[in-house]
Amino acid sequence: MMTKTKADKYPQRVRNELRFRELTVLRVERAGAAFQRIVLGGEALEGFASHGFDDHTKLFSPSRARHLPRRR
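Here full-length UniProt numbering is used: the first residue of the sequence shown is 1, the next is one more, and so on.
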């Protein structure tokens, strides 16, 4: 029989390897007056895992100098 320790009750920090991924905006949904949900996708998501309840990502957008025209 396994014995649970006090440490088992607390979240464990997981350090994931930093990896830049170039993704595509699949859709944008208005979720509130000042809030949007942006759904991203692409092959670069292969191997992406989110195991924590408090995981986060950082989003970098291209500078205006490298602005690409929006496809319609």
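Even glycine gets a Cβ: it sits at the ideal position worked out from N, Cα and C.
Distance between residue j and residue i (C-alpha atoms, nearest Å)
i, j, result
"residue 62", "residue 37", "19 Å"
"residue 12", "residue 56", "15 Å"
"residue 34", "residue 46", "31 Å"
"residue 58", "residue 41", "15 Å"
"residue 27", "residue 39", "5 Å"
"residue 51", "residue 15", "11 Å"
"residue 18", "residue 49", "12 Å"
"residue 54", "residue 60", "20 Å"
First and last residue of the uninterrupted beta strand (DSSP E) at residue i
i, result
"residue 74", "In the structure as shown, the chain begins at 1 and stops at 72. Residue 74 is therefore absent and cannot be evaluated."
"residue 14", "Run containing residue 14: none; DSSP gives neither H nor E here."
"residue 35", "35–41"
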